[in-house]
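Visitor: Please see the structure below; I have some questions.
Right, dumping it as structure tokens:
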């Protein structure tokens with residue numbers, strides 16, 4: 076039985092890199108934290124790390140994900156859940172994985188399935204001891220693609236992040252800034268999250284929302300209306316509630332929280 080030296084918190088992040096050494100360094104720090112907490116740690120990439128002071132499990136990407144890409148997001152989540160159960164059965168406290176997933180999103184036709192998977196695995200991570208770090212190679216993927224992928228990870232440097240805030244399917248966390256530059260990415264992220272209304276409402280927990288412009292509020296209103304639901308945006312930004320009151324919004328309610 077592994078006795079952890081330090082706790083590891085829920086973690087689901089990503090790093091976009093120009094040099095594989097950047098991903099390797101981020102993966103080293105991420106997996107070291109998992110190791111200290113008693114997790115099984117796994118490094119998934121097409122090359123082995125160099126100069127680490129611990130030895131993670133090594134795996135080729137094609138052995139960890141479906142060969143034809145993530146076409147069934149729920150099945151891929153189930154496969155990782157089984158890996159977590161194996162780690163627990165072997166005496167570990169959980170599983171931490173750092174994976175270069177660039178190859179999974181090179182084909183534009185596979186990106187939607189991957190992004191949906193990211194939201195589902197994020198939801199799973201909220202209730203189970205699985206932590207993940209994804210890597211995206213900027214030499215292969217353009218800026219627009221990377222923007223659409225990083226924003227569905229709660230720990231990233233994307234302008235905004237839309238992610239699972241619990242194990243439920245009716246709410247999501249929303250951090251960062253929403254403006255003209257994030258319009259398309261927000262549209263895609265909301266579609267991938269596919270929130271299911273409960274009592275006619277979906278909730279966006281925006282405690283970490285730093286800025287939202289009026290067009291983004293209108294975008295959220297239109298999105299909720301198309302889903303036949305009321306979207307409840309909970310944010311510390313009192314200006315957002317005042318701005319919403321000036322707009323003709325029928326499907327968005329903004330609540331100010333402390």
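Numbering (my numbering), first residue to last: 76 to 333. All C-beta atoms, glycine included, are put in the ideal place defined by N, C-alpha and C. Owing to the predicted nature of the structure, the values given are computational and were not obtained by experimental measurement.
Where does the unbroken alpha helix (DSSP H) through residue 215 begin, and where does it stop?
Guide: No alpha helix (DSSP H) contains residue 215, which DSSP labels as neither H nor E.
Visitor: Let me check understanding here. Comparing Cα to Cα, which of 110, 154, 191, 283 lies closest to residue 311?
Guide: Measuring from the Cα of residue 311, the nearest candidate turns out to be 283.
Visitor: Would you call the stretch 211-227 in contact with the stretch 91-99, where contact means no fewer than 3 C-beta pairs closer than 8 Å?
Guide: Short answer: they touch.
Visitor: For residue 291, tell me which candidate among 252, 270, 97 has the shortest Cα-Cα distance.
Guide: Among 252, 270, 97, the Cα nearest to that of residue 291 is on 252.
Visitor: Between which two residues does the alpha helix (DSSP H) carrying residue 188 extend?
Guide: 186-200 is the span of the alpha helix (DSSP H), which, as asked, contains residue 188.
Visitor: Applying the criterion that 16 or more other CB atoms from any shown protein chain within 10 Å of the CB defines a buried residue, is residue 137 buried or exposed?
Guide: The residue is exposed, with fewer than 16 neighbouring Cβ atoms inside 10 Å.
Visitor: Excluding five sequence neighbours on each side, which residues of the same chain lie with their C-beta closer than 7 Å to the C-beta of residue 231?
Guide: Hits under 7 Å: 88, 89, 225.
Visitor: If residue 195 sits next to residue 154, beta carbons under 8 Å apart, how far is it from one beta carbon to the other, in whole angstroms?
Guide: Between residue 154 and residue 195 the Cβ distance is about 12 Å, and since that is not below 8 Å, they are no contact.
Visitor: Within 10 angstroms of its Cβ, does residue 122 collect 16 or more other Cβ (buried), or is it exposed?
Guide: By the neighbour-count rule (16 or more Cβ atoms within 10 Å), residue 122 is not buried but exposed.
Visitor: If the criterion is Cβ atoms closer than 7 Å, does the pair residue 289 and residue 318 meet it?
Guide: Contact: yes.
Visitor: Any idea if residue 221 is buried or exposed, counting beta-carbon neighbours within 10 angstroms, 16 or more meaning buried?
Guide: Buried.
Visitor: Could you give the residue range of the alpha helix (DSSP H) that holds residue 139?
Guide: Where residue 139 is concerned, the enclosing alpha helix (DSSP H) stretches over 136-139.
Visitor: Taking all protein chains shown into account, do 16 or more other C-beta atoms lie within 10 angstroms of the C-beta of residue 198, making it buried, or fewer, making it exposed?
Guide: That one is buried.
Visitor: Only counting the same chain, and skipping five residues up and downstream in sequence, which positions put a Cβ closer than 6 Å to that of residue 86?
Guide: Answer for residue 86: 206, listed in chain order.
Visitor: On the three-state DSSP scale, how would you describe residue 292?
Guide: Looking at residue 292 - three-state DSSP - the assignment turns out to be helix.
Visitor: Determine the extent of the alpha helix (DSSP H) in which residue 321 is found, giving its start and end residues.
Guide: Taken as a continuous stretch (DSSP letters only), the alpha helix (DSSP H) holding residue 321 covers 313-321.
Visitor: Grab the span of the alpha helix (DSSP H) containing residue 150 for me, first residue to last.
Guide: From DSSP, the alpha helix (DSSP H) with residue 150 extends over 148-164.
Visitor: Three Cβ pairs or more, each shorter than 8 Å: is that satisfied between the stretch 98-111 and the stretch 231-244?
Guide: Touching, no.
Visitor: Given that a residue counts as buried once 16 or more other Cβ atoms are within 10 Å of its Cβ, and exposed if not, what is residue 183?
Guide: Burial call: exposed.
Visitor: Look at residue 257 and residue 235 and say whether their C-beta atoms are less than 7 Å apart.
Guide: Cβ distance < 7 Å, so residue 257 and residue 235 count as in contact.
Visitor: To the nearest angstrom, how far is the alpha carbon of residue 187 from that of residue 104?
Guide: Residue 187 and residue 104: Cα-Cα distance of roughly 29 Å.
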